[in-house]
Structure formats: structure tokens, C-alpha cells
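Okay, structure first, notes after.
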Ligand code: PBG
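In the numbering used here, the protein residues as written are 1 to 325.
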């Protein structure tokens, strides 16, 4: 009798065997590329905390969107960075606001080749950097904020967004946005709910990318990283309120949450590999401490393996291009 009896290594001997039995594959269509556009820029401006990413001009954004679509990415998420910020974040729903102009540009560029997604939030537009209107106690006023979110949703849909994604973690935001969209004749625009969004230190580089002026925290609305049951509750509520897809964010540190959510709901699940996850790998790779492409691919494969149907990642276009080779 030969020993050992079981030889799992048989299926790992050649690249072709390994590929044949791979349980998870990355595909360009599963990836969503977040892009930043800054009002009033003459040239694209590199984001120091996110090496390789830039604040786009409207013109360079169109090119980046075209490249993403050309590479076959499933979607593009647009973040607008306005010149002027206000206490009430009014630029977020202004017809001439940077996000609306950029969404229209991108839709004109890519048509229906890829899904164009608007992020619904006020944090890039408020001078205090919070995600909504502040109440007398200095905390975000939930109900006033969700009414503003409904206006943002309608402004983005009017600009041509294929889908909208509320990211503020206000109670009832999905229902309010659904009602607002429906009342404006946008009943066919789906909502991708940032359903389980944690109060994470890993959003740091994003906040400099959008020139956030936030002082204080988001811990009265974003979830405590210690909690899993709460994520299931949040996701359940969002689905009940009409979310067409749900998101877990961040991704790589929350794979247990991704798995539990994917097992619990019957809507597509997305996970957002956030700016800090991106920056950490880029920084380690720049130091020669990680093999960059392998680390990127492993991080994305793990998020897919945990159960995310869709992955938002700043590497979407790059990885999609690589997958074609
Ligand atoms: C809110 C928003 C944030 C991110 C996506 N949408 C920042 C926040 O909640 O503070 C973070 C994305 C990232 O870190 O990559 N507009």
C-alpha cells in the first residue's frame, strides 16, 4: 500500500490543474472602479495618500471612465469634490454640482457599457465634514439628512446615474431615497445600500482625497467594528426598505461579515475595499515588503471567496486590464 493515501497535491501540480479546480475567479465584470473628480482643476492632481489615484478633472475623468469601460469593469462609482463647502452640503444636490456634471459626462462617455453609480452623501459638501445636517446638539440630524439624501438621489438620477449608493448610515435612508426616486419618476433606478458600513480608521486616505474637513467622529452612525449581529440587522432593514443590492465596508478586515451577509440575503452583495486597504498594500509594495500584483490579486480573491458578488476597488481597471492578458 502506498503512503500517504490522500494526495491533495495531485490537483496542484500544474498551472492548468490549479486553474481547472479553482473555486473563485476574478472577472472584470465583478469589479467597480471608484473615481474622484475635483471641481475647478486644470490638471489631474495626484492623491498622496493613495499612490496611483488622482483627483480627476472633468476631462480626465471621462478618459478614466472610458478606460474602465474598455477594460470591462462592471461599474464606476463617482465621488465629487467641490470647490466650496457649505454647512448644509447643498452642492450635493445642486444640478450644477460637480458630481452631477461628472455623472452626466461619464454617462455620455460610456453609455450603458458599464454601470455608473453615484455615492449619496453630504460629507464632501459640508464645511464641517459630517455626512448630513447637524442638529442643535452637534450630532447629525437623522430625519433632516435623509430628506436631503432623497434630493441628492433625484439630482444624480436626473444627471443620468444608472444606480445610486447611499453611504451615510442614517436610519431609514433607503426608504426615503426609494420614495424620492419613485415620486420623481425614477422607479427603475436601483439602490446599492452601504448597509453594513463600519466606523473604520481605514477611510483615512479617502478623507484626504475628498478634502474632508471632518473634526470629530462618525461613531454615532457608522457601526462599531466589534459588531456582527448588528450588521445583519442593518442589512435586513435595508433590504426591507427596498435596497436592490447591499454592501459591506470595509472589505478585507470584515470577511466574516461578508460571509454572513452573503448567506443571509437574496440580493447581490458588494464589498468595498477601501482607501486604507489600498494604501496599506501600495505602501508595503513600494517598500519591497509585498509583491504588489500578487497581494492585490490575493486580497480581491479573498473578498470574492468570502461571498461578495461585487468588489469595489481602486485597482479595478488595472486588474481588469491584467485579466485580459
Ligand atoms: C462617504 C464615503 C466614504 C467612503 C466612501 N463613501 C468616507 C466616509 O464614510 O468617511 C470611504 C471610501 C474609502 O475609504 O475608500 N462619502
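Beta carbons: idealized from backbone N, C-alpha and C, even for Gly.
Owing to the predicted nature of the structure, the values given are computational and were not obtained by experimental measurement.
Between residue i and residue j, what straight-line distance do the alpha-carbon atoms span, to the nearest angstrom?
i	j	result
residue 313	residue 10	34 angstroms
residue 151	residue 180	7 angstroms
residue 75	residue 169	22 angstroms
residue 120	residue 149	6 angstroms
residue 255	residue 261	10 angstroms
residue 128	residue 207	13 angstroms
residue 189	residue 112	13 angstroms
residue 212	residue 122	11 angstroms
residue 15	residue 164	40 angstroms
residue 311	residue 318	14 angstroms
residue 159	residue 99	9 angstroms
residue 23	residue 253	21 angstroms
residue 61	residue 94	20 angstroms
residue 289	residue 272	24 angstroms
residue 322	residue 155	35 angstroms
residue 280	residue 200	14 angstroms
residue 215	residue 8	53 angstroms
residue 282	residue 228	29 angstroms
residue 117	residue 294	28 angstroms
residue 303	residue 258	8 angstroms
residue 161	residue 107	7 angstroms
residue 3	residue 12	18 angstroms
residue 51	residue 250	19 angstroms
residue 110	residue 178	25 angstroms
residue 339	residue 176	A question about residue 339 goes unanswered here, because the residues of the chain that appear run from 1 up to 325.
residue 285	residue 292	5 angstroms
residue 275	residue 5	46 angstroms
residue 287	residue 49	15 angstroms
Looking only at its own chain, which residues have a Cβ that is under 7 angstroms from the Cβ of residue i, when we skip the five neighbours before and after it?
i	result
residue 83	39 and 40
residue 265	235, 239 and 246
residue 58	37, 101, 102 and 105
residue 174	166, 191, 193, 238, 241, 242 and 243
residue 114	68, 69, 73, 74, 75 and 76
residue 203	274, 275 and 276
In three-state terms, what does DSSP make of residue i?
i	result
residue 313	coil
residue 328	For residue 328 there is no data in the structure shown, the boundaries of the chain being 1 and 325.
residue 120	strand
residue 205	helix
residue 8	helix
residue 125	coil
residue 267	coil
residue 291	coil
residue 26	coil
residue 325	coil
residue 131	coil
residue 110	helix
residue 215	coil
residue 258	helix
residue 55	strand
residue 235	helix
residue 140	strand
Within a Cβ cutoff of 6 angstroms, which residues of the same chain sit near residue i, ignoring the five residues on either side of it in sequence?
i	result
residue 91	82, 97 and 125
residue 315	296
residue 326	The question about residue 326 has no answer here: the residues shown for the chain are numbered 1 through 325.
residue 145	132, 133 and 170
residue 338	Summary: the structure shown does not reach residue 338, with the chain confined to residues 1 through 325, and so no result is reported for it.
residue 89	122, 125 and 126
What residues match up with residue i in a beta bridge as DSSP calls it?
i	result
residue 75	32 and 115
residue 81	38
residue 194	247
residue 223	198
residue 163	117
residue 278	Answer by DSSP bridge pairing: none, since residue 278 is not bridged.
residue 46	54
residue 149	Bridge partners of residue 149: none, in fact.
Less than 8 angstroms between CB atoms is the rule here; does residue i satisfy it with respect to chain B?
i	result
residue 94	Considering every chain present, this structure includes no chain B. It has just one protein chain.
Among residues of its own chain, excluding the 5 on either side of residue i, which ones have a beta-carbon nearer than 8 angstroms to its beta-carbon?
i	result
residue 47	36, 53, 54, 55, 205, 208 and 209
residue 223	169, 196, 197, 198, 199, 230, 231 and 234
residue 143	172
residue 26	297, 300, 301, 304, 319 and 323
residue 29	72, 73 and 74
residue 357	Lying before the first or after the last residue shown, residue 357 is absent from the chain, which here runs from 1 to 325.
residue 86	125, 126 and 127
residue 307	258, 259, 261, 262, 263 and 269
Please determine whether the Cβ atom of residue i lies at a distance below 7 angstroms from any heavy atom of the ligand ADP.
i	result
residue 159	Although the ligand ADP was asked about, the structure shown includes only the ligand PBG as ligands.
Environment of the ligand PBG in chain order, Cβ to heavy atom below 5 angstroms
That query returns the following residues: 121, 123, 167, 203, 206, 274 and 275.
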